[in-house]
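Heads up: the sequence shown begins at 8 in this note's numbering, then just goes up one per residue.
Where is the CB? At the ideal position from N, CA and C, for every residue including glycine.
Working notes, structure below.
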Amino acid sequence: MNYCSRENFWLLVNSTDPLGQLQWLVDWLQYAEDHEEKVHIIGHHPPRSCLASFGWNFYK
């Protein structure tokens with residue numbers, strides 16, 4: 008499923024955190040910070056290309 012596609016109807020139904028992906032990222036980033044590790048976030052979609060609420064949650 009393409010979660011960043013503006014044509015994805017199901018994101019209109021639930022766009023807050025599909026499948027808990029943002030919470031998963033937050034958990035791993037917190038783990039890395041707690042263990043003084045560095046992380047690199049690489050993606051092929053700019054964060055703002057998703058729905059407005061998904062982008063808002065990303066920057067939160």
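Straight-line gap, residue i to residue j (C-alpha atoms, nearest Å)
| i | j | result |
| --- | --- | --- |
| E40 | D34 | 10 Å |
| H51 | Q28 | 16 Å |
| Y38 | T23 | 22 Å |
| E43 | Q30 | 20 Å |
N-terminal and C-terminal residue of the alpha helix (DSSP H) that residue i is part of
| i | result |
| --- | --- |
| L26 | Looking at the DSSP string, L26 is not in any alpha helix (DSSP H), and its letter there is neither H nor E. |
Of the listed residues the options, nearest to residue i (C-alpha basis)
| i | options | result |
| --- | --- | --- |
| I49 | V20, L32, L26 and Q37 | L32 |
Whole-number beta carbon distance between residue j and residue i, since they are thought to touch under 8 Å
| i | j | result |
| --- | --- | --- |
| L36 | V46 | 6 Å |
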